[in-house]
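Participant: Take a look at this one; I'll ask things after.
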Amino acid sequence: MIKHHPSDDILVEFSAGSLPSHLALCVSVHLQYCSTCRATVSRMQTLGGELLRGMDGVELSDGLFDAILDRVELSESVQRTQVVKPIDLLRKWLPDGLQGLNWRKQWFKLSEYVLEVPDKGNWRFSLQRISAGGIAPFHGHRGNEVTVVLKGGFSDESGAYDEGDFIIKAPGDRHKPQAFQNEDCICLTYLEAPVSLAGPLGKWIEKFKALFGSQDAVPSH
Amino acid sequence: MAFSKQSVVIPLKPNMDLSPSVQDDGSGKVDEVAPLIEAVSERRDRSAFRKIFDDFGPKIKAFAIKQGMLEHSEELVQEVMVNIWRRAQQFDRAKASGSTWIFAITRNARIDLLRKLNRINNETQVETDYLWSLPGNDDPTSSFQQALVAKQIRESLNGLPIEQRDVIAKVYLEDKSHQRVADELNLPLGTVKSRVRLALQKLKVVFQEELA
Ligand SMILES: [Zn+2]
């Protein structure tokens, strides 16, 4: 059962099409699991439709309709038959789903598979895996961290999260996730800025990383 | 509410199960746009297409201008109309009212146009129609109910206090995040968020307590 949803603010911006695209992708993945948010977004889009309909129009150029007719005569109609599954949304990066990924170990029980990182800037779009029962290091964030649970589940200081749950940790929220005992937990994660490890050991590791530059991000496709 | 892990969202309905003319449940009287889209779908009806263009074209142009796309505003109208023609068979009035469907197409066409013009940063590689799909509602919603929800929202919009209507319009029609609306109106972010929230509650788009 889904217990953790995007806030209404996020759903509104999603419905209006103004959400940054990676965040929108995380919301889309959540929507595949969550009928409650689907119903909300459906009403929010209905509102969008009514606002559009209520606008005062601006006069159009004379030849516009004919130009459109010329184009539609050439165009094929679209019939989409595919059903989108959560993993399908990510198929650009995960053609075989979650199978056979080359996970990169981050910490004892924590691994990462990078989906996309920018040429410039420091956001990070990736899968995170915590092995069954494993604990990820206590960490805080410099930016928002958006997580959607794809498989298994985890718990932290503020709750337990199951498949489909959507979690945003704000900058400054520190937490220590632990995967459920029975299976590995795989999450989709969008980090607006890199995680900073908290605690004295974390600080030491950050320094170490800065010295030896292990910010090795592998762009994948 | 029934929850099923198997329930998945079809971004745009592949094919109508019923011929729309069979669904004569009166929703066409509440939603006069839906029969026009269906006429385009079933008969490639050009006069219905023209009617949609006359109704929505000028509004879509106004929408584009509000989005700061003045020089591309009629290009957006073209894209939306071509998509309406091409995708008419995917329209399903049990999933969305006519204007909701056109809104979703307009929003997606706008994103695609901005992508084409390279005006969006940090773009993912996922196609717009997947990313911004129209999830619909899986409750066994009838087309009549969809039309009714739209009508109810339309009517209660008129009763909104001006400052609530204002922020809602900015968030939806001007591509502004809550933060940008707050900056523009010189209001605290919390005030903008609570105005949006109050408006959504009055419109029965969201219900009293926030899911968390
Ligand atoms: Zn939800």
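In order, the protein sequence lines correspond to chains A and B. Counting along the first sequence from 1, when you hit position 112 you're at 112 in the numbering used here, and nothing is skipped either side. Counting along the second sequence from 1, when you hit position 46 you're at 46 in the numbering used here, and nothing is skipped either side. Positions of the beta carbon are idealized from the N, C-alpha and C atoms, including for glycine.
Using 8 Å for Cβ pairs, my map puts A/A222 next to A/Q181. What's the rounded Cβ distance?
Facilitator: For chain A, the structure presents residues 1 to 221; residue 222 of chain A sits outside this window and is missing.
Participant: If distances are taken between C-alpha atoms only, which option among B/K202, B/L36, B/E127, B/L70 comes closest to B/Q89?
Facilitator: Position 89 of the second sequence, counting from 1, holds the residue named residue 89 of chain B. With distances taken between Cα atoms, B/Q89 lies closest to B/L36.
Participant: Going along chain B, which residues have a C-beta under 8 Å from A/Q307?
Facilitator: Examination of residue 307 of chain A is not possible in this model, given that chain A is present from 1 through 221 alone.
Participant: Do A/C189 and A/V149 have their C-beta atoms within less than 8 Å of each other?
Facilitator: Position 189 of the first sequence, counted from the first residue, corresponds to residue 189 of chain A. Position 149 of the first sequence, counted from the first residue, corresponds to residue 149 of chain A. A small correction: the amino acid at residue 189 of chain A is Thr; Cys does not occupy that position in the sequence shown. Their beta carbons are not under 8 Å apart, which means A/T189 does not touch A/V149 by this criterion.
Participant: Sorry if obvious, but does the Cβ on A/T147 come closer than 7 Å to a heavy atom of ligand 1?
Facilitator: Sequence index remark: in the first sequence, residue 147 of chain A carries index 147 (1-based). Result no, Cβ not under 7 Å from ligand 1.
Participant: Between A/G152 and A/D173, which are expected to be in contact by the criterion C-beta below 8 Å, what is the C-beta distance as a whole number of angstroms?
Facilitator: To locate residue 152 of chain A, count along the first sequence from 1; it is residue 152. To locate residue 173 of chain A, count along the first sequence from 1; it is residue 173. That belief does not hold up - the Cβ atoms of A/G152 and A/D173 are roughly 22 Å apart, past 8 Å.
Participant: At least one CB of chain B closer than 8 Å to the CB of A/G153: is that the case?
Facilitator: In the first sequence, the residue the question calls residue 153 of chain A occupies position 153. No, its Cβ sits nowhere closer than 8 Å to a Cβ of chain B.
Participant: Less than 8 Å between C-beta atoms, sequence neighbours within five positions excluded: which residues of the same chain meet that for B/A109?
Facilitator: Counted from its first residue, the second sequence places residue 109 of chain B at position 109. Closer than 8 Å at the Cβ level, and outside the excluded window around B/A109, lie L76, E79, V80, N83.
Participant: Quick one: what's got a C-beta closer than 8 Å to B/I52's C-beta in the same chain, skipping five residues either side?
Facilitator: Position 52 of the second sequence, counted from the first residue, corresponds to residue 52 of chain B. The answer, listed in chain order, is V33, L36, I37, V40, M81, I84, I102.
Participant: Looking at C-alpha atoms only, which residue of A/L11, A/L51, A/Q45, A/K176 is the closest neighbour of A/C34?
Facilitator: Mapped onto the first sequence, residue 34 of chain A falls at position 34. Nearest option by C-alpha distance: A/L11.
Participant: Note down, in chain order, each residue of its chain lying with its Cβ closer than 6 Å to the Cβ of B/A182, except the 5 sequence neighbours on either side.
Facilitator: Position 182 of the second sequence, counting from 1, holds the residue named residue 182 of chain B. Contacts found: L189, V192.
Participant: Name the chain E residues whose beta carbon is nearer than 7 Å to that of A/D96?
Facilitator: Note that chain E does not occur in the displayed structure, where the protein chains are A and B.
Participant: Apart from the five residues just before and just after A/E163, which ones in its own chain have a Cβ nearer than 6 Å to its Cβ?
Facilitator: Here the question's residue 163 of chain A lines up with position 163 in the first sequence. Here the set comprises V149.
Participant: At a CB-CB cut-off below 8 Å, which residues of chain B make contact with A/K61?
Facilitator: Taking the first sequence and counting its residues from 1, one reaches residue 61 of chain A at position 61. This sequence places Ser at residue 61 of chain A; Lys is not what is there. The contacting residues are E74.
Participant: With DSSP collapsed to three states, give me the class of B/G98.
Facilitator: Residue mapping note: residue 98 of chain B aligns to position 98 of the second sequence, counting from 1. Correct three-state label for B/G98: helix.
Participant: Do B/K61 and A/V58 come within 8 Å of each other at the CB atom, strictly closer than that value?
Facilitator: Residue 58 of chain A sits at position 58 when you count from the first residue of the first sequence. Residue 61 of chain B sits at position 61 when you count from the first residue of the second sequence. Cβ atoms of A/V58 and B/K61: closer than 8 Å.
Participant: In chain B, which residues lie less than 7 Å from A/V58 when you measure between Cβ atoms?
Facilitator: In the first sequence, the residue the question calls residue 58 of chain A occupies position 58. Result: P58, K61, A62, I65.
Participant: With 8 Å as the threshold, decide whether the Cβ of A/S18 is near any Cβ in chain B.
Facilitator: The count along the first sequence starts at 1 and reaches residue 18 of chain A at position 18. Chain B, which has a Cβ nearer than 8 Å to the Cβ of A/S18, makes this yes.
Participant: A/D242 touches chain B at which residues, Cβ-Cβ below 7 Å?
Facilitator: Past the edges of chain A, shown from 1 to 221, lies residue 242 of chain A, and the structure says nothing about it.
Participant: Is A/C187 near ligand 1, judged by its Cβ being under 7 Å from some heavy atom?
Facilitator: Locating residue 187 of chain A in the first sequence gives position 187, counting from the first residue. No, since every heavy atom of ligand 1 falls outside the 7 Å radius drawn around the Cβ of A/C187.
Participant: Check B/K151 in the structure and name its three-state DSSP category.
Facilitator: In the second sequence, counting from the first residue as 1, residue 151 of chain B sits at position 151. Reduced to three states, the DSSP call for B/K151 is helix.
Participant: Report buried or exposed for A/I186, applying the criterion of at least 16 other Cβ atoms within 10 angstroms of its Cβ.
Facilitator: Sequence index remark: in the first sequence, residue 186 of chain A carries index 186 (1-based). Counting Cβ neighbours within 10 Å, A/I186 comes out buried, since at least 16 surround it.
Participant: On the CB-based measure, 16 or more other CB atoms within 10 Å of its CB, does A/P118 come out buried or exposed?
Facilitator: Here residue 118 of chain A is taken as the residue at index 118 of the first sequence, counted from 1. Flag for A/P118 reads exposed.
Participant: Listed from N- to C-terminal order along the chain, which residues in the segment 174-188 of chain A have their beta-carbon within a distance smaller than 8 Å of any beta-carbon of chain B?
Facilitator: Within the segment 174-188 of chain A, no residue qualifies.
Participant: DSSP has A/I168 in a bridge; who is on the other side?
Facilitator: Start at 1 with the first residue of the first sequence, and residue 168 of chain A comes out as number 168. In the DSSP output, where bridge partners are listed per residue, A/I168 has A/V146.
Participant: I want to check one thing, is the minimum distance from the CB of A/I87 to the heavy atoms of ligand 2 below 7 Å?
Facilitator: Only ligand 1 can be found as ligands here, which leaves ligand 2 out of the picture.
Participant: What separation, rounded to the nearest whole angstrom, lies between the Cα atoms of B/P58 and A/F65?
Facilitator: Numbered from its first residue, the second sequence carries residue 58 of chain B at position 58. Numbered from its first residue, the first sequence carries residue 65 of chain A at position 65. Cα to Cα, the separation comes out at about 12 Å.
Participant: Start and end of the beta strand (DSSP E) containing A/K109?
Facilitator: Your numbering for residue 109 of chain A matches position 109 in the first sequence. A/K109 -> no beta strand (DSSP E), and no H or E assigned at all.
Participant: Is there at least one Cβ from chain A nearer than 8 Å to B/F53's Cβ?
Facilitator: Within the second sequence, the letter at position 53 stands for residue 53 of chain B. At least one chain A Cβ lies under 8 Å of B/F53.
Participant: Nearest chain B C-beta to A/G172 closer than 8 Å, yes or no?
Facilitator: Taking the first residue of the first sequence as position 1, residue 172 of chain A is located at position 172. Not one chain B Cβ lies under 8 Å of A/G172.
Participant: For A/W123 and A/D70, I'd like the C-alpha separation in whole angstroms.
Facilitator: For the purposes of this step, residue 123 of chain A is taken as the residue at position 123 of the first sequence. For the purposes of this step, residue 70 of chain A is taken as the residue at position 70 of the first sequence. A/W123 and A/D70: Cα-Cα distance of roughly 43 Å.
Participant: Is any beta-carbon of chain B found at less than 8 Å from that of A/A160?
Facilitator: Along the first sequence, read from residue 1 onward, the residue named residue 160 of chain A stands at position 160. A/A160 does not count as touching chain B.
Participant: Tell me the DSSP bridge mates of A/Q128?
Facilitator: What you label residue 128 of chain A is simply residue 128 of the first sequence in a count that begins at 1. According to DSSP, A/Q128 bridges with A/E112, A/C187.
Participant: Check this for me: beta carbons of A/L90 and A/Y113, under 8 Å apart or not?
Facilitator: Along the first sequence, one-based indexing puts residue 90 of chain A at 90. Along the first sequence, one-based indexing puts residue 113 of chain A at 113. No, the Cβ-Cβ distance between A/L90 and A/Y113 is not below 8 Å.
Participant: With DSSP as the reference, please indicate the residues paired to B/F56 in a beta bridge.
Facilitator: Translated into positions along the second sequence, residue 56 of chain B becomes position 56. The partner list for B/F56 (beta bridge, DSSP) is empty, contrary to what the question assumes.
Participant: Assuming B/S97 and A/G49 are in contact, meaning their beta carbons sit under 8 Å apart, how far apart are those beta carbons, in whole angstroms?
Facilitator: Here residue 97 of chain B corresponds to residue number 97 of the second sequence, with the count starting at 1. Here residue 49 of chain A corresponds to residue number 49 of the first sequence, with the count starting at 1. About 6 Å; that satisfies the 8 Å criterion.
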